[in-house]
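**Q**
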Amino acid sequence: MRVSLFITCFNDTLFPETGRAVVRVLERLGQTVEFPIDQTCCGQMHFNTGYQREAIPLVRHFVEVFRDAEVVVSPSASCVAMVRDLYPRVAELAEDPTLADAVAALTPRVFELSEFLVKKLGVEDVGAYFPHRVTFHPTCHSVRMARIGDAPLRLLRAVRGIDLVELPHSEECCGFGGTFSVKNADTSMAMLSDKLRHILD
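Adding 665 to a residue's 1-based position in the sequence shown gives its number in this note's numbering.
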């Protein structure tokens with residue numbers, strides 16, 4: 666399968682090794698990976714902070730860049746949720762039927778990485794070895810918007826050597842939420858403290 670990698674600005678800027686690791690995993694599984702060099706922000710930050718009209722050009726650009734992709738895969742459930750759940754609203758806001766049609770055609774081909782591996786490729790064991798104690802925090806966007814389900818846990822359970830521990834209150838928000846953590850730093854830190862306490866317990 667020909668996979669177009671949408672790496673997201675967060676990963677590109679702060680965690681570039683994530684993108685390289687995604688490519689290694691996908692290629693090891695026999696996928697052809699392309700990285701459209703013209704990709705940029707999906708517009709989520711604009712949309713979530715009230716600048717919804719400013720997201721319109723970014724949505725247009727995303728659709729243009731990935732229009733011909735067989736599948737688009739991203740290591741970010743948050744950005745996948747933006748594309749799948751909120752792009753139709755942005756297209757409606759733009760009052761552009763052509764954009765709305767292009768969004769409708771593209772969004773079913775956009776996947777979060779673990780979802781793509783488990784649900785599209787039928788892969789649960791990527792050959793990983795990690796002999797450590799681990800817990801898993803399902804992000805709010807992966808659960809509530811992108812609806813990734815248990816795909817990440819299925820992949821983790823197949824990792825050799827892992828000691829996977831259930832996280833108490835796993836459904837509770839960690840307090841990050843993109844710009845929420847910047848605009849509401851005190852609340853965000855209190856939520857994070859709760860999450861860290863559950864992890865350490």
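Cβ atoms here follow ideal geometry from the backbone N, Cα and C, with glycine treated the same way.
Look up residue 777 in the DSSP assignment and give the residues it is bridged to.
**A** In DSSP, residue 777 forms a bridge with 739.
**Q** Our contact map puts residue 670 next to residue 698 with C-beta atoms below 8 Å; I'd like the distance itself, whole angstroms only.
**A** Confirmed, about 6 Å.
**Q** Along the chain, where does the alpha helix (DSSP H) containing residue 683 start, and where does it finish?
**A** Per DSSP, residue 683 belongs to the alpha helix (DSSP H) from 681 to 693.
**Q** For residue 779, I'd like the list of residues in its chain whose CB is within less than 6 Å of its CB, leaving aside the five on either flank, ordered along the chain.
**A** Excluding residues within five positions, the ones whose Cβ falls inside 6 Å are 816, 817, 820.
**Q** Can you look up residue 840 in the DSSP assignment and give me helix, strand or coil?
**A** Below a pLDDT of 50, predicted positions are generally treated as unreliable, and residue 840, at 49, falls in that range; the measurement from the model is reported next regardless. Correct three-state label for residue 840: coil.
**Q** Taking only the alpha-carbon atoms, compute the straight-line gap between residue 737 and residue 774 and give it to the nearest angstrom.
**A** The alpha-carbon atoms of residue 737 and residue 774 are separated by roughly 6 Å.
**Q** Below 8 Å between beta carbons: does that hold for residue 739 and residue 730?
**A** Going by C-beta atoms, residue 739 is not nearer than 8 Å to residue 730.
**Q** Within the chosen definition, does the segment 701 to 708 reach the segment 757 to 771 through at least 3 CB pairs nearer than 8 Å?
**A** With a cut-off of 8 Å, the segment 757 to 771 and the segment 701 to 708 do not count as touching, because too few Cβ pairs lie within range.
**Q** Determine the closest residue to residue 742 out of 802, 826, 827, with distance taken between C-alpha atoms.
**A** The shortest C-alpha separation from residue 742 is found at 802.
**Q** Please name the residue, chosen from 693, 680, 677, 761, that lies closest to residue 782 on a Cα-to-Cα basis.
**A** Among 693, 680, 677, 761, the Cα nearest to that of residue 782 belongs to 693.
**Q** Mapping DSSP to helix, strand and coil, what is residue 824?
**A** Three-state result, residue 824: coil.
**Q** With a CB to CB cut of under 8 Å and the five nearest residues on each side skipped, what residues in its chain are close to residue 826?
**A** Taken in chain order, the residues that qualify are 794, 795, 796, 797.
**Q** Out of curiosity, what's the CA-to-CA distance linking residue 702 and residue 685?
**A** One C-alpha to the other measures close to 14 Å.
**Q** State the DSSP-derived secondary structure class of residue 699, mapped to helix, strand or coil.
**A** Residue 699: strand per DSSP, three-state reduction.
**Q** Rounded to whole angstroms, what's the CA-CA distance from residue 762 to residue 756? Just pull it up for me.
**A** So the alpha carbons of these two residues sit roughly 8 Å apart.
**Q** At the level of alpha carbons, what is the spacing between residue 718 and residue 747?
**A** Going from the Cα of residue 718 to the Cα of residue 747 covers about 14 Å.
**Q** Anyone know if the C-beta pair for residue 751 and residue 712 falls short of 8 Å?
**A** Yes, the Cβ-Cβ distance between residue 751 and residue 712 is below 8 Å.
**Q** What number of angstroms, rounded off, separates the C-alpha of residue 720 from the C-alpha of residue 753?
**A** One C-alpha to the other measures close to 12 Å.
**Q** Out of 766, 789, 675, 674, which has the shortest C-alpha to C-alpha gap to residue 824?
**A** The shortest Cα separation from residue 824 among 766, 789, 675, 674 belongs to 789.
**Q** Near residue 792, what residues of its chain come up, given a Cβ to Cβ distance below 8 Å and the 5 sequence neighbours on each side ignored?
**A** Excluding positions up to five away in sequence, the list reads 693.
**Q** Straight-line CA distance for residue 735 to residue 866?
**A** Approximately 44 Å between the Cα atoms of the pair.
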